[in-house]
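Scroll down for the structure; my scribbles are underneath it.
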Amino acid sequence: MYDLVRGPLLWVSFIVFVLGTVFQIIKFMKLSKKIDVPKFIPASRSKPIATSPGFMLKFEMFKAAGIGTNLLMAVVTTVFHVCLFAIPIFLVGHSVLFDQSWGINMMPFLFSENTTDTLTIIFLACSLYFLLRRLLSARVRAITTSYDYVVLLIAAAPFLTGFFAYHQIFNYNTIIILHILFGELMLVTIPFTKLVHMVFFFINRFFVASENCLGEGNRTW
Amino acid sequence: MAEQNNTPVATEKIKKMLERKKDKTKLSLRMCAHCTLCAESCFLFMTRGKDPKYMPSYKFINSIGKLYKKKGEVDRATLEEIGDIVWNDCVLCTRCYCPLGIDIPDMIALARSICRTQGVYRQYDK
């Protein structure tokens, strides 16, 4: 069972994840169109004056968009998503597998075991915050469906089982298989469920023309 | 007062209109993480007691989302409910902000177009 989930199933989930993500990017390209971002070049200058807002204005907009209106949510969601990426990539246990399988040595960049353990607890606390917010906040409850709880579970389960596995809580062999399966489930579901917001967060931030765009922003829906 | 509209709903017409923007609607509904961070960007939400029914996400999910999920097979009462959302709870000022980039105004505009074809529109004499 362990060999199956660590071998072929892992490859299947990687392939589904990559192809699914590419499929969504192609879909975005088909649904959106390129636009000309106007550039203003005064006679006295050779370079265009930035038509996109400057850093301070962007910061003000950022405040208006999230930080200023939902400070706690903005902080929790940022920590949650950074941990979601950082923990699995910089975990010592995973790096051993990277090294064994592909010969990638990440030693200088890894977090210590204590750090990842603490970050996992922080991540799980953020997940709990999301859960409580869904259950208790009237505005979130107004649009919450059972699907939202499933998505939260898919995101949190690999970390919860990973935490159990590291601390040898419950039967280790069962938990580690569950941990890998949940991780694979997350990869497979990213392009095809609500988790697709992972892809579109970046597309929106860097490609879609709007005042909150951090990139070139020369496409529109 | 406006008269009660009892004309049967032309579901085939709605289906055709939904079909034209099917991919975008499907993707937008899937993309919405139900985070409610769009709420404060709606001035109606801010000025009407922060009632969740004015959240852009709520309006988009319960209008075009409902039409899409029911594949256009809606009765007159549901259409009137949707009409109430897209005509009375949203002014289509296009200032709603979605952190994930959903084009909410376009979705609301589509729901408005569908409602309009079925005789459901803003009634100024109400």
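Chains as they are written, first to last, in this note's numbering: chain A, 2 to 222; chain B, 3 to 128. Yeah, the Cβ is synthetic: ideal placement off N, Cα and C, and Gly gets one too. Bear in mind the structure is a predicted one, so any value in this text is a computation, not a measurement.
{"Query": "Kindly list, in the order they appear in chain A, the residues whose Cβ is closer than 7 Å to that of B:Pro-54.", "Result": "Ala-139, Arg-140, Ala-143"}
{"Query": "Can you tell me which residues form a DSSP beta bridge with A:Lys-35?", "Result": "A:Arg-220"}
{"Query": "At the level of alpha carbons, what is the spacing between A:Thr-117 and A:Leu-92?", "Result": "6 Å"}
{"Query": "How about A:Ala-157 and A:Leu-125: do their beta carbons lie closer than 8 Å?", "Result": "yes"}
{"Query": "Helix or strand or just coil, what does DSSP make of B:Val-11?", "Result": "coil"}
{"Query": "Can you check whether the C-beta of A:Asp-149 is within less than 8 Å of a C-beta belonging to chain B?", "Result": "yes"}
{"Query": "Please classify B:Val-11 as buried or exposed, where buried requires at least 16 other C-beta atoms within 10 Å of its C-beta.", "Result": "buried"}
{"Query": "Closer than 8 Å is the cut-off here; do at least three beta carbon pairs connect the segment 94–105 of chain B with the segment 179–193 of chain A?", "Result": "no"}
{"Query": "Of the choices A:Gly-94, A:Ser-102, A:Thr-145, whose alpha-carbon is the least far from that of A:Glu-114?", "Result": "A:Gly-94"}
{"Query": "What distance in whole Å lies between the Cβ atoms of A:Val-209 and B:Gly-103, which are believed to be in contact at a cut-off of 8 Å?", "Result": "5 Å"}
{"Query": "For B:Arg-32, tell me which candidate among A:Arg-220, A:Asn-106, A:Val-200 has the shortest Cα-Cα distance.", "Result": "A:Val-200"}
{"Query": "Which of the residues in the segment 89–121 of chain B, read from start to end, lie with their CB under 9 Å from any CB of chain A?", "Result": "Tyr-99, Cys-100, Pro-101, Leu-102, Gly-103, Ile-104, Asp-105, Asp-108"}
{"Query": "What residues from chain B crowd round A:Met-74, counting only those whose CB sits closer than 9 Å?", "Result": "Cys-37, Thr-38, Leu-39"}
{"Query": "Relative to the C-alpha of A:Arg-7, which candidate in A:Phe-207, A:Ile-178, A:Asp-37 has its C-alpha closest?", "Result": "A:Ile-178"}
{"Query": "What residues of chain A sit near B:Tyr-60, judged by a beta carbon separation below 7 Å?", "Result": "Ala-143, Ile-144"}
{"Query": "Relative to chain A, which residues along the segment 74–87 of chain B have a C-beta separation below 8 Å, given in chain order?", "Result": "none"}
{"Query": "Should the segment 116–128 of chain B be called in touch with the segment 83–98 of chain B, which here means at least 3 C-beta pairs below 8 Å?", "Result": "yes"}
{"Query": "Shortest alpha-carbon distance to B:Cys-40 belongs to which of B:Ser-30, B:Met-57, B:Thr-27, B:Lys-52?", "Result": "B:Met-57"}
{"Query": "Can you grab the Cα-Cα spacing for the pair B:Tyr-70 / B:Val-76, in whole Å?", "Result": "10 Å"}
{"Query": "Under 8 Å, Cβ to Cβ, is there at least one residue of chain A near B:Arg-124?", "Result": "no"}
{"Query": "Grouping DSSP H, G and I as helix and E and B as strand, with all else coil, what is A:Val-209?", "Result": "strand"}
{"Query": "Between which two residues does the alpha helix (DSSP H) harbouring B:Lys-61 extend?", "Result": "58–62"}
{"Query": "Quick one: list the residues of chain B neighbouring A:Ile-204, beta-carbon separation under 8 Å, in chain order.", "Result": "Gly-103"}
{"Query": "Is it the case that the Cβ atoms of A:Ile-88 and A:Thr-119 are separated by a distance below 8 Å?", "Result": "no"}
{"Query": "Under 8 Å between C-beta atoms, does B:Lys-26 make it to chain A?", "Result": "yes"}
{"Query": "Please classify A:His-198: is it buried, with 16 or more other beta-carbons within 10 angstroms of its beta-carbon, or exposed?", "Result": "buried"}
{"Query": "Counting only the same chain and skipping the five closest in sequence on each side, list residues whose C-beta sits under 6 Å from that of A:Val-189.", "Result": "Ser-14, Val-17"}
{"Query": "Report the option in A:Arg-135, A:Ala-139, A:Trp-12 whose CA atom is closest to the CA atom of A:Tyr-148.", "Result": "A:Arg-135"}
{"Query": "Along chain B, which residues have their Cβ under 8 Å away from the Cβ of A:Thr-79?", "Result": "Neighbours of A:Thr-79 on chain B: none; closest Cβ ~11 Å, over 8 Å."}
{"Query": "Let me make sure I understand the geometry here. Which of B:Ala-35, B:Lys-61, B:His-36 has the alpha-carbon closest to that of B:Val-46?", "Result": "One detail in the question is off: residue 46 of chain B reads as Leu in this sequence, not Val. Nearest option by C-alpha distance: B:Lys-61."}
{"Query": "Say whether chain A places a C-beta atom closer than 8 Å to the C-beta of B:Ile-63.", "Result": "yes"}
{"Query": "Chain B beta carbons: is any one of them nearer than 8 Å to that of A:Phe-201?", "Result": "yes"}
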